[in-house]
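Scroll down for the structure; my scribbles are underneath it.
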Amino acid sequence: MLGPLASLKVLDFSTLLPGPFASLLLADMGAEVLRIESPTRMDLLRVLPPHDQGVSASHAYLNRNKRSLALDLKQPEALEVIKQLLQDYDIVLEQFRPGVMERLGLGYEALKAINPKLIYVSITGYGQTGPYKDRAGHDINYLALAGLASYTGRAESGPLPLGMQVADVAGGSLHGVIGLLAAVIARQQTGLGQHLDVSMTDCAFSLNAMAGAGYLACGEEPGREDQMLNGGSFYDYYRSRDGRWLSVGSLEPAFMKQLCTALGLEELAALGLSPQPAQQKKLKDALKTEFEKHDFAELCALFAELDACVEPVLSLGEAIRHPQLKAREVVTDVPRGDGTSQAQMACPLKFSDGLPEPRHIGAELGQHTDQVLRELGFDAERIAGLRRAKVIL
Numbered sequence: 004m005l006g007p008l009a010s011l012k013v014l015d016f017s018t019l020l021p022g023p024f025a026s027l028l029l030a031d032m033g034a035e036v037l038r039i040e041s042p043t044r045m046d047l048l049r050v051l052p053p054h055d056q057g058v059s060a061s062h063a064y065l066n067r068n069k070r071s072l073a074l075d076l077k078q079p080e081a082l083e084v085i086k087q088l089l090q091d092y093d094i095v096l097e098q099f100r101p102g103v104m105e106r107l108g109l110g111y112e113a114l115k116a117i118n119p120k121l122i123y124v125s126i127t128g129y130g131q132t133g134p135y136k137d138r139a140g141h142d143i144n145y146l147a148l149a150g151l152a153s154y155t156g157r158a159e160s161g162p163l164p165l166g167m168q169v170a171d172v173a174g175g176s177l178h179g180v181i182g183l184l185a186a187v188i189a190r191q192q193t194g195l196g197q198h199l200d201v202s203m204t205d206c207a208f209s210l211n212a213m214a215g216a217g218y219l220a221c222g223e224e225p226g227r228e229d230q231m232l233n234g235g236s237f238y239d240y241y242r243s244r245d246g247r248w249l250s251v252g253s254l255e256p257a258f259m260k261q262l263c264t265a266l267g268l269e270e271l272a273a274l275g276l277s278p279q280p281a282q283q284k285k286l287k288d289a290l291k292t293e294f295e296k297h298d299f300a301e302l303c304a305l306f307a308e309l310d311a312c313v314e315p316v317l318s319l320g321e322a323i324r325h326p327q328l329k330a331r332e333v334v335t336d337v338p339r340g341d342g343t344s345q346a347q348m349a350c351p352l353k354f355s356d357g358l359p360e361p362r363h364i365g366a367e368l369g370q371h372t373d374q375v376l377r378e379l380g381f382d383a384e385r386i387a388g389l390r391r392a393k394v395i396l
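Quick note: the sequence shown uses this note's numbering, first residue 4, plus one each step.
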């Protein structure tokens, strides 16, 4: 099975998380992804713990199904290799700060001259323009500048450092893939590629969705714990007697009625949709009191029988074993290359025609260098010469 993106061939110059997560999705859906990696400046993801048999689990996952070509882009001979690859690979994904690829002779305009069909995706923190374009940043900074952190967290303790990278993945990776595939469709119509400028801050800003729409149209500035969905209502997490947590999202009256009836609070069910903060506080305090009267297992058993939008907060290990996620096959076994396999998160997209089986975990640095160069017509002597000159690893 080839997969729906089998016609795409991608040169991936990215490291760490945003670009590699984007190209992981492409590779899982059948695209051929070739990572162009520096032999002297290691992708720090390769050393990120924890390690499984000496290999970073994160790197093994984020770079599965991709080949690795170790190439020193600062050397002129490397540029010639890239030019040859562009005869076949017509998508570039890069994550350097603005101007870096241009200084290497690999900017969009230079590569477009070689292949006008080239789709060139640049994922950066702040975009290719603006006063912050050259500024360093990480996920937490992008969320802060995009306004999301201003109404996320608790009123007393402030914003929370989230456990997953929203700006990196939902901002950079997913928007990058969406834009890339849109450019592919446009190319089918025009025969021409284009440059896609993906700012993680811009994309994170768009995730403000309802709060952003409310501010722009009505001037309503959201704050922590003052919105229906950010802790300003009963919609929240509740602690059990034994210190575990459950999520309550019983927004609709039918769900609220089941929740309150189960906890003996029938008289408070009508408060669920009240816009009055005092009434929401009354309902929330009552729910806190009732939840804390019961152990986690008792509450899980109670709400498992009800359609009340109440679910337990699970650890990752518990989530993997949950019957819903098991039925959806969210975990897959990926070959290591030595006859064994590693359990990894599966591609979450379900196609009626299916997807190709995972081929291998993230490759070793430069694992496919010789193979790729031979495909370009390089003989053994030329490859050896590039290695002596330290152009390749």
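Ideal Cβ placement from N, Cα and C applies to all residues, glycine included. Bear in mind the structure is a predicted one, so any value in this text is a computation, not a measurement.
Here Val313 is buried. Its C-beta has 16 or more other C-beta atoms within 10 Å.
By the Cβ neighbour-count rule, Lys115 is buried, with 16 or more other Cβ atoms within 10 Å of its own. Residue state for Ser277 is assigned as coil, using DSSP reduced to three classes. Taking the CA atoms as reference points, Pro7 sits about 16 angstroms from Ala186. A buried status is given to Lys69, since no fewer than 16 other beta-carbon atoms sit within 10 Å of its beta-carbon.
Around the CB of Tyr145, 16 or more other CB atoms lie within 10 Å, so the residue is classed as buried. Excluding the 5 residues flanking it on each side, Met32 has same chain C-beta neighbours closer than 6 angstroms at Gly6, Pro7 and Leu8, in chain order. Between Arg67 and Pro359, the C-beta gap is not smaller than 9 angstroms, which leaves the two residues out of contact.
Gln283 counts as buried, since no fewer than 16 other beta carbons sit within 10 angstroms of its beta carbon. In terms of Cα proximity to Ala366, the closest of Arg339, Arg390, Gln345 and Met231 is Arg339.
By the C-beta density criterion, Cys263 is buried, having at least 16 other C-beta atoms within 10 angstroms. According to DSSP, residue pairing for Met348 in a beta bridge involves Val334. Non-local beta-carbon contacts of Arg38 in its own chain, meaning distances under 6 angstroms to residues more than five positions away in sequence, involve Asp15, Lys69 and Ser71 in chain order.
Counting only runs of at least 3 residues, the stretch 124-177 fully encloses no beta strand (DSSP E) element at all. Here the alpha carbons of Gly175 and Leu107 stand approximately 23 angstroms from one another. For His54, the three-state secondary structure derived from DSSP is strand.
Within the same chain, Cβ atoms closer than 6 angstroms to the Cβ of Leu163 are found at Gly156, the five residues on either side in sequence being excluded. If the five residues before and after Phe24 are omitted, its C-beta is found closer than 7 angstroms to the C-beta atoms of Leu65, Val172 and Ser176, all from its own chain and listed in chain order. Around the beta carbon of Glu223, a 10 Å sphere encloses fewer than 16 other beta carbons of the protein chains shown; the residue is thus reported as exposed. C-alpha of Ala34 to C-alpha of Ser10: approximately 7 angstroms in a straight line. The straight-line gap separating the alpha-carbon atoms of Asp298 and Glu270 is approximately 24 angstroms.
Contact holds between the stretch 233-246 and the stretch 285-305, because three or more Cβ pairs, one in each stretch, are under 8 angstroms apart. Using a Cβ distance threshold of 9 angstroms, Tyr111 and Leu121 count as a contacting pair. With respect to the 9 angstroms criterion, Ser253 and Gln261 are classified as neighbours on the basis of their beta carbons. Judged by pairs of C-beta atoms under 8 angstroms, the stretch 373-381 does not touch the stretch 51-64, as fewer than three such pairs exist. Ranked by Cα distance from Val84, the options Arg100, Tyr154, Leu109 and Gln98 are led by Leu109. With at least 16 other beta carbons inside 10 angstroms of its own, Leu396 counts as buried.
Excluding the 5 residues flanking it on each side, Ser41 has same chain C-beta neighbours closer than 8 angstroms at Ala73, Leu74, Asp75 and Leu76, in chain order. The continuous alpha helix (DSSP H) containing Tyr111 extends over residues Tyr111 to Ile117. Collapsing the DSSP output to three states places Ile122 in a strand.
Boundaries of the beta strand (DSSP E) harbouring Asp239: Asp239 to Arg242, taken from the DSSP string.
For Asn118, the CB contacts under 6 angstroms within the same chain, skipping 5 residues up- and downstream, are Leu89 and Asp93 in chain order. Here Asp298 carries a coil assignment [DSSP, helix/strand/coil].
Between the alpha carbons of Ala304 and Gly166 lies a gap of roughly 27 angstroms. Distance from the CA atom of Pro101 to the CA atom of Asn211, rounded to whole angstroms, is 26 angstroms. Excluding sequence positions up to five before and after Ala30, its CB lies within less than 6 angstroms of the CB of Val36, Asn68 and Lys69, all in the same chain and listed in chain order.
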